[in-house]
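Participant: Once you've had a glance at the structure underneath, I'll fire off some questions.
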Amino acid sequence: STTLLLDELTPRSLGALIALYEHRVFVSGALWGINSFDQWGVELGKVLCNDLLPRLSSGDVAGLDGSTAGLMQRLRR
Numbered sequence: 009s010t011t012l013l014l015d016e017l018t019p020r021s022l023g024a025l026i027a028l029y030e031h032r033v034f035v036s037g038a039l040w041g042i043n044s045f046d047q048w049g050v051e052l053g054k055v056l057c058n059d060l061l062p063r064l065s066s067g068d069v070a071g072l073d074g075s076t077a078g079l080m081q082r083l084r085r
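Terminal number for the sequence shown in my numbering: 85, no gaps in between.
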């Protein structure tokens with residue numbers, strides 16, 4: 009697991025983040041011999057995101073693991 013925190017989101021930092029994650033996903037898939045861009049995990053990510061988005065507004069972190077709760081609190085600052 010990797011967590012990157014930025015004080016400011018700029019076009020350059022956003023581009024760097026996208027490139028970092030695209031590269032990470034591609035290389036992992038190549039090493040494991042799978043197509044990283046055609047996985048059921050993408051659908052799971054969408055489901056999980058739909059649960060977390062309302063919590064950003066409400067600030068409710070009940071039932072979340074410590075790492076996710078901490079990141080949610082950081083995002084609300």
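We put the CB at the ideal spot given by N, CA and C, even for glycine.
1) Are the beta-carbon atoms belonging to G71 and R84 less than 8 Å from one another?
2) DSSP three-state label for E30, please.
3) Name the two residues that bound the continuous alpha helix (DSSP H) containing V50.
4) Going by the CB atoms, is the gap between L25 and L13 shorter than 8 Å?
5) Just how far apart, CA to CA, sit L39 and V55?
Facilitator: Working from what's here:
1) No, they are not a contact pair.
2) Here E30 sits in helix by DSSP.
3) Judged by DSSP secondary structure, V50 falls within the alpha helix (DSSP H) whose first and last residues are 49 to 66.
4) no
5) 27 Å
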